[in-house]
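Chemist:
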Amino acid sequence: MSRSAMKLLSTATVRTIHGGGEFRQGFFALGARNLSSTVSAVREKPQTEPGSGSGSAAGHRSFEGGDKSVVSYWGVAPVKLTKEDGTEWKWSCFKPSETYKADVSIDLGKHHVPGVWTDKVAYWGVKMLRLPTDIFFKRRFEMRAMMLETVAAVPGMVGGMLLHCKSLRRFEHSGGWIRALLEEAENERMHLMTFMEVAKPRWYERALVFAVQGIFWNLYFVAYVISPKVAHRVVGYLEEEAVHSYNEFIKEIDSGNIPNVPAPAIAIDYWRLPPDSTLRDVVMVVRADEAHHRDVNHYASDIHYQGLQLKEFPAPLGYH
Numbered sequence: 001m002s003r004s005a006m007k008l009l010s011t012a013t014v015r016t017i018h019g020g021g022e023f024r025q026g027f028f029a030l031g032a033r034n035l036s037s038t039v040s041a042v043r044e045k046p047q048t049e050p051g052s053g054s055g056s057a058a059g060h061r062s063f064e065g066g067d068k069s070v071v072s073y074w075g076v077a078p079v080k081l082t083k084e085d086g087t088e089w090k091w092s093c094f095k096p097s098e099t100y101k102a103d104v105s106i107d108l109g110k111h112h113v114p115g116v117w118t119d120k121v122a123y124w125g126v127k128m129l130r131l132p133t134d135i136f137f138k139r140r141f142e143m144r145a146m147m148l149e150t151v152a153a154v155p156g157m158v159g160g161m162l163l164h165c166k167s168l169r170r171f172e173h174s175g176g177w178i179r180a181l182l183e184e185a186e187n188e189r190m191h192l193m194t195f196m197e198v199a200k201p202r203w204y205e206r207a208l209v210f211a212v213q214g215i216f217w218n219l220y221f222v223a224y225v226i227s228p229k230v231a232h233r234v235v236g237y238l239e240e241e242a243v244h245s246y247n248e249f250i251k252e253i254d255s256g257n258i259p260n261v262p263a264p265a266i267a268i269d270y271w272r273l274p275p276d277s278t279l280r281d282v283v284m285v286v287r288a289d290e291a292h293h294r295d296v297n298h299y300a301s302d303i304h305y306q307g308l309q310l311k312e313f314p315a316p317l318g319y320h
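If you read the sequence shown in UniProt numbering, its first letter stands for residue 1, the second for the next number, and so on.
1) Put Pro316 into one of helix, strand or coil per three-state DSSP.
2) What residue range does the alpha helix (DSSP H) around Arg294 cover?
3) Roughly how many whole angstroms lie between the Cα atoms of Thr133 and Pro78?
4) To which residues of the same chain is Phe221 closer than 8 Å at the C-beta, ignoring the five residues directly before and after it?
5) Count the other CB atoms within 10 Å of the CB of Gly318; is the residue buried (16 or more) or exposed (fewer)?
6) Taking Cβ positions, are Val282 and Ala267 nearer each other than 8 Å?
7) Determine whether the beta carbon atoms of Gly160 and Leu129 lie at a separation below 8 Å.
8) Between the beta-carbon of Ala300 and the beta-carbon of Arg179, is there less than 8 Å?
9) Which value, in whole angstroms, describes the spacing of the CA atoms of His293 and Glu197?
10) Per DSSP, residue 324 forms a beta bridge with which residues?
11) By how many angstroms is the C-alpha of Asn187 removed from the C-alpha of Val235?
12) Give every residue of the same chain whose Cβ lies closer than 7 Å to the Cβ of Ile106, excluding the five residues on either side of it in the sequence, and list them in chain order.
13) Given Pro201, which residues of its chain have a CB within under 8 Å of its CB, disregarding the five upstream and five downstream residues?
14) Between the region 169-177 and the region 240-247, are three or more C-beta pairs nearer than 8 Å?
15) Quick check on Val116: buried or exposed, where buried means 16 or more other Cβ atoms within 10 Å of its Cβ?
16) Would you check if the distance between the CB atom of Tyr123 and the CB atom of Tyr237 is smaller than 8 Å?
17) Thinking just about the alpha-carbon of each residue, which of Trp271, Val225, Lys110 and Glu184 is nearest to the one in Asp103?
18) Note down, in chain order, each residue of its chain lying with its Cβ closer than 7 Å to the Cβ of His111, except the 5 sequence neighbours on either side.
19) In the structure shown, what three-state DSSP assignment does Pro155 receive?
20) Got a sec, what are the start and stop residues for the alpha helix (DSSP H) Met193 sits in?
21) Considering only their Cβ atoms, is the gap separating Val151 from Gln213 smaller than 8 Å?
22) So what does Pro262 bridge to, in DSSP terms?
23) Can you grab the Cα-Cα spacing for the pair Leu308 / Leu219, in whole Å?
24) Please state whether the Cβ-Cβ distance between Ile258 and Phe141 is less than 8 Å.
25) Does Lys311 come out as helix, strand or coil in the three-state DSSP assignment?
26) If you draw a straight line from the C-alpha of Val154 to the C-alpha of Arg189, how long is it?
27) Alpha carbons only, please: which of Leu273, Glu252, Glu248 and Leu279 is nearest the one belonging to Pro262?
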């Protein structure tokens with residue numbers, strides 16, 4: 001045991017003896033066990049180079065200005081991931097198994113015609129939400145996409161969280177809908193991470209995102225608690241508007257108003273795009289994702305409108 005550890009243990013011993021009582025022996029034993037574990041994890045220096053993958057030293061990272069180190073997952077070496085061609089996988093936010101090729105053949109023109117009054121409220125409510133976006137961003141579609149994705153990633157997380165809690169309360173399965181909605185939220189977040197490589201938001205645009213997300217999260221949470229069928233219908237119409245926005249985005253690229261720059265590296269890996277892909281290719285796969293989200297949420301709303309529960313119908317997992 002190192003001198004530092006002995007000093008810590010001796011301090012613990014003195015404090016225990018001075019405190020007195022019948023529990024001092026047990027306390028000392030517990031303190032010694034915990035401290036020995038902590039000291040060995042914090043004070044030991046790695047035996048090998050970081051990331052070498054050999055032994056418990058793999059995954060160590062030294063702090064600046066000190067000799068302390070952090071062990072990845074308490075001594076478990078991080079797994080080294082590679083692409084299909086054997087090159088190193090550089091993304092920590094998603095794995096190669098989570099990538100996919102978007103189904104761009106999906107029908108982009110599908111529209112759920114509002115029938116009952118709740119559908120009409122959802123439809124016109126979404127139309128009203130679009131007006132301030134049109135006024136603020138105008139034809140800056142890269143910034144419009146960034147704002148859209150910060151909002152679009154909220155419903156799946158809120159719905160998945162509420163279904164998760166419901167499953168726990170009722171001791172029942174969700175039919176896969178928890179995972180489906182969380183997959184949707186993660187997919188929308190990856191859209192945002194991609195467009196952040198293209199758009200560089202100003203400080204007031206970031207402030208707007210902060211405000212809009214805070215308001216929308218709370219409104220959607222309340223809406224989902226009151227009526228999941230209306231909440232899913234709102235998302236279905238939001239995704240219809242997203243498809244329309246990306247249609248306009250592609251038109252602007254084709255007309256030369258927006259430069260068709262090379263696709264960000266994260267997009268190439270996430271959607272398994274060819275290395276020479278461009279921004280237009282990225283917008284096309286994102287648009288296809290939004291069309292899938294549109295269909296899933298309208299489908300979920302239809303289930304509720306029939307007086308049924310989502311768990312009665314298998315969730316469309318992996319529908320990308």
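By construction, the Cβ of each residue, glycine as well, lies at the ideal position given by its N, Cα and C atoms.
Modeler: Based on what the coordinates show:
1) coil
2) Leu279 to Tyr305
3) 43 Å
4) Val158 and Leu162
5) exposed
6) yes
7) no
8) no
9) 23 Å
10) Residue 324 lies beyond the residue range present for the chain, which begins at 1 and ends at 320; the question has no answer from this structure.
11) 15 Å
12) Ala288, Ala291 and His292
13) Met143, Met146 and Val209
14) no
15) exposed
16) yes
17) Trp271
18) Glu240
19) helix
20) Trp177 to Phe195
21) yes
22) Thr278
23) 24 Å
24) yes
25) helix
26) 9 Å
27) Leu279
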